[in-house]
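What follows is a short report on a single structure.
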Amino acid sequence: MAQGKRKDSNRADGRRQWLRAALTLPYFWLLLFFLAPFAIILKISVADPVVALPPFTPLIDWAAQGWERIHVTLDNFLFLFQDRYYAVIYLNSIKLAAISTLLCLLLGYPMAYFIARQPARWRNLLLLGIILPFWISFLLRVYAWIGLLNTHGVINTTLLWLGLIDQPVQLIYNDFAVYLGIVYSYLPFMILPLYANLEKLDLDLQDAAADLGARRWQVFVDVTLPLSMPGVIAGSLLVFIPAIGEFIIPALLGGSDTLMIGRALWDEFFINRDWPVASAVSVVLLLILVVPMMWFQKIQGGREEGVL
Amino acid sequence: MTHDHAHQAPWQDDKARPMVRLNGLGKRFGETVAVDGVNLDIYPGELFSILGGSGSGKTTLLRMLAGFEQPTAGSIEIDGVDMTLVPPYERPVNMMFQSYALFPHMTVEQNAGYGLRKDRVPAAEIRERVATILDKVKMGRLAKRKPSALSGGERQRVALARALVKQPKLLLLDEPLAALDKKLRQHTQFELMNLQDELGVTFIVVTHDQEEAMTLSTRIAVMNDGRLEQVGTPGEVYEYPVNRFVANFVGNVNLLEARVLEVDGGMLWLDCPDLGGRLATPAGEAPAPNADDTRWIALRPEKILISKEAPAGDNRMALRGIVHDLGYFGNLSVYRVELPTGRILQVSAQNRVRTARKTVEWDDEVFLSWDIGSAIVLED
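Chains D and A, in that order, give the protein sequences. For the first sequence, our numbering gives the first residue as 16, with consecutive numbering after it. For the second sequence, our numbering gives the first residue as 10, with consecutive numbering after it.
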């Protein structure tokens, strides 16, 4: 008996070690490919721009003496706060991402709910429909929208032919097209976590609420929505975070007045060749994103402790 | 059938007004008929059980009473008012779910008060009524807990409190004890009966557990294939089953096929090949069968007396057999006795005498006998 137990615990120990190794590997992967590039960006953001190759001063100046050897400056960050242009692009990006997230939520929640309530054999087919667009390159899909929204594009041509409009409507190169592109591209990221959550919802809870006197909208507000909050938050973060730094969609579908961080970054890196300021822009963007992430983590942790 | 009742039961009183009246109630899901033409009256203060296996339609019937499913035929009347198409939130009915369906994001107190909040009862009154009902189910102490921090028995009490706090005319209970372990189940069973007695609310319990239905109920409806096979008191259903399904479903039974020989002076004579001979039973009130009709004999294991000596007494059927198998349960023993025809009969006997030695052993030759009135003749 005792021997058998020891053997079992040995096996469990072995399994645990294997598990630890399996978990350590992705950890190092993340360390290597996320933290290392971030460290490089952070290093550049505290350097001065120079006309050279690379176009910034080194962190450690071997030629200099004493304090001068470690070269750190916060000028780039101060510059971001002094120039109103950056405040505008940050706020504009946050606004654009927030509205897109809300639109995705309003569209995605009913869709996820509908799919989760279908018979099992339909669910997979409908989910396949949601992830089908991923089989085509993101860039191609955004280009396809240009073909649709253009002044001489499919939509305008059709409307003209139907006689609904006299002259082409400006559908592209404005904020409308950017919202359309972002909502279209990121909707699956909202639907999938919401679906995963709503699919697990115990239908007896909805019946119980109705039985106790709740009308259909009250059942939703009192039971369905609060219990699906983890899905709402996960989906919103999955849309908000990539949307805020989105470059391709505003670049291809937005107008010249669509100011977003992604574009500002491109301009700083490749047009102004001011790598330190561009890096500072990235670091601030990361801070803007990390704060809501930590808040989400805290809520999730609290939920688990608080028995959900 | 003769039954003595100190008071006349409401279902025997023509003038009694039913709390629930089901009129030809039916429900189809596409091609499948879940509930088929159910007619049933349930009276105020009853603890009524709907007993059936899975797929018998008992849960669908309950869900129609709650208003979660709409009938495809017939009507539902509750306390004299037609409720067939009334949505669940407007019915004077509450339900306790098999899963309990407690809201996981609300405390015990908030769960119990939910129904009253939806009815816009003043906050002070809600607090008072919730406190009273939680005390009644002995959950007042844990009012601030979330359901996940409760044991199965505690959750069951909260679910019960939540359903009772609105003082419904009718409480529906879906397998109320199924999720509890055996000891707790027996205890809770009696608590449920006391609570029902105290509050006077009409209870309708759906269960697959015949023992549970027998102990709890004023009356039982045995359901099979969407139809009611029999409605009666536990005693009626057990001692006077109307067909093989009911006899088999409620308790253990030996079922024997027999051919009618003759009806003679109140006695029915049958030929039963399984028993290897003729069998007599009182003819009863049922219309007399014709000769050569097939009938089924139901014989409860505890009605058969097992003995090593030839039994004495009038009006007894007696057979010989060999003990094929025996099971000792402490309070009783169950024997499987093989007759000369090869047929095995199940017999059970109380272990009245305190002894560690078995009086009847494997392979013993024994006599089986029963009072001729104990055999039930079934048409189907």
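Just so it is clear, CB atoms sit at the ideal spot from N, CA and C, and this is done for glycine as well.
Opening and closing residue of the alpha helix (DSSP H) in which residue i lies
i, result
"A/Leu208", "Lys191 to Leu208"
"D/Ser251", "Met244 to Ile259"
"A/Tyr52", "Per DSSP, A/Tyr52 belongs to no alpha helix (DSSP H) and is neither H nor E."
"A/Tyr344", "Premise fails: A/Tyr344 lies in the beta strand (DSSP E), Leu341 to Glu347, not in any alpha helix (DSSP H)."
"D/Met205", "Asp190 to Glu214"
"A/Glu137", "Ala132 to Lys145"
"A/Glu163", "Gly161 to Leu173"
"D/Asp226", "Leu218 to Asp226"
"A/Pro27", "Looking at the DSSP string, A/Pro27 is not in any alpha helix (DSSP H), and its letter there is neither H nor E."
"A/Leu390", "A query on residue 390 of chain A cannot be resolved here, the shown segment of chain A reaching from 10 to 389 and no further."
"D/Ile276", "Ile276 to Trp281"
"A/Val251", "Counting along the chain, A/Val251 falls outside any alpha helix (DSSP H), and DSSP gives it neither H nor E."
For residue i, the three-state DSSP class (helix, strand or coil)
i, result
"A/Tyr109", "coil"
"A/Val215", "strand"
"A/Trp371", "coil"
"A/Arg236", "strand"
"D/Gln18", "With a pLDDT of only 49 at D/Gln18, under 50, the local geometry of the prediction cannot be trusted, and the value read off the model is given with reservation. Three-state result, D/Gln18: helix."
"A/Val259", "coil"
"A/Met115", "coil"
"A/His12", "Low local confidence applies: a pLDDT of 44 at A/His12 is under 50, so the model's placement there is unreliable, with the coordinate-based value given in what follows. In the structure shown, A/His12 sits in coil (DSSP, three-state: anything other than H, G, I, E or B)."
"D/Phe129", "helix"
"A/Glu2", "Residue 2 of chain A lies beyond the stretch modelled for chain A, which goes from 10 to 389, so this question has no answer here."
"A/Ser58", "strand"
"A/Pro156", "helix"
"D/Pro265", "helix"
"A/Asn360", "coil"
"A/Ser65", "coil"
"D/Lys58", "helix"
"A/Thr303", "strand"
"A/Asn120", "helix"
"A/Asp91", "strand"
"A/Val386", "strand"
"A/Glu220", "helix"
"D/Lys110", "helix"
"A/Gly149", "helix"
"D/Phe235", "helix"
"D/Arg288", "coil"
"D/Ser294", "helix"
"D/Leu323", "Because the pLDDT at D/Leu323 is just 37, under 50, the model does not fix this residue reliably, and the value given afterwards should be weighed accordingly. The answer is coil: DSSP assigns D/Leu323 none of H, G, I, E or B."
"A/Val272", "strand"
Start-to-end residues for the beta strand (DSSP E) that takes in residue i
i, result
"A/Tyr337", "Arg325 to Tyr337"
"A/Trp2", "As shown, chain A starts at 10 and ends at 389. That puts residue 2 of chain A outside it, with no answer to give."
"D/Phe96", "Note, D/Phe96: premise wrong, no beta strand (DSSP E); alpha helix (DSSP H) at Asp90 to Gln97."
"A/Ala289", "Gly286 to Pro291"
Selection from the options that minimises the alpha carbon distance to residue i
i, options, result
"A/Lys312", "A/Val343, A/Ala319 and A/Asp334", "A/Val343"
"A/His114", "D/Ala279, D/Leu240 and D/Pro307", "D/Leu240"
"A/Pro53", "A/Gly209, A/Phe106 and A/Arg287", "A/Gly209"
"A/Arg236", "A/Gly39, A/Phe38 and A/Ala43", "A/Ala43"
"A/Leu71", "A/Asp23, A/Arg150, A/Leu179 and A/Ala292", "A/Leu179"
"A/Met202", "A/Ala289, A/Lys192, A/Arg352 and A/Ala222", "A/Ala222"
"A/Lys153", "A/Ala121, A/Asp22 and A/Ala365", "A/Ala121"
"D/Leu95", "D/Pro41, D/Val292, D/Trp160 and D/Phe284", "D/Val292"
"A/Glu99", "A/Pro177, A/Asp22, A/Phe57 and A/Leu387", "A/Pro177"
"A/Ala365", "A/Leu341, A/Val375 and A/Asp372", "A/Leu341"
"D/Ala325", "D/Ile206, D/Ile145 and D/Tyr158", "Since the first and last residues shown for chain D are 16 and 323, residue 325 of chain D lies out of range."
"D/Ile109", "D/Gln97, D/Phe255 and D/Val296", "D/Phe255"
"A/Gly33", "A/Phe57, A/His217 and A/Asn48", "A/Asn48"
"A/Asp190", "A/Val174, A/Phe212 and A/Ser160", "A/Ser160"
"D/Ser251", "D/Pro41, D/Glu214, D/Ala225 and D/Cys119", "D/Cys119"
"A/Tyr337", "A/Leu354, A/Asn324 and A/Trp371", "A/Trp371"
"A/Val297", "A/Glu388, A/Asp334, A/Leu314 and A/Pro80", "The question names Val, but residue 297 of chain A in the sequence shown is Ala. Nearest of A/Glu388, A/Asp334, A/Leu314 and A/Pro80 to A/Ala297, Cα basis: A/Glu388."
"D/Ala54", "D/Ile314, D/Leu301 and D/Met308", "D/Leu301"
"A/Val255", "A/Glu40, A/Pro101 and A/Gly62", "A/Gly62"
"A/Thr290", "A/Lys24, A/Gln21 and A/Ser383", "A/Ser383"
"A/Arg166", "A/Glu137, A/Ile135 and A/Gln198", "A/Gln198"
Whole-Å CB distance - residue i paired with residue j, under 8 angstroms assumed
i, j, result
"D/Ser274", "D/Val87", "The sequence given here has Leu at residue 274 of chain D, not Ser. Between D/Val87 and D/Leu274 the Cβ distance is about 30 angstroms, and since that is not below 8 angstroms, they are no contact."
"D/Val238", "D/Leu220", "5 angstroms"
"D/Ser294", "D/Ile75", "Their Cβ separation, rounded to whole angstroms, is 17 angstroms, which puts D/Ser294 and D/Ile75 out of contact at 8 angstroms."
"D/Val193", "D/Ile264", "6 angstroms"
"A/Leu284", "A/Leu265", "6 angstroms"
"A/Ser58", "A/Thr216", "6 angstroms"
"A/Ile213", "A/Leu74", "7 angstroms"
Closer than 7 angstroms: residue i CB and nearest the ligand SAH heavy atom
i, result
"A/Thr93", "Absence of the ligand SAH is noted for the structure shown, with no ligands found whatsoever."
Next item on the list: Entirely within the stretch 145–186 of chain D and at least 4 residues each: give me those alpha helix (DSSP H) ranges in chain order.
Entry: 153–164 and 169–177
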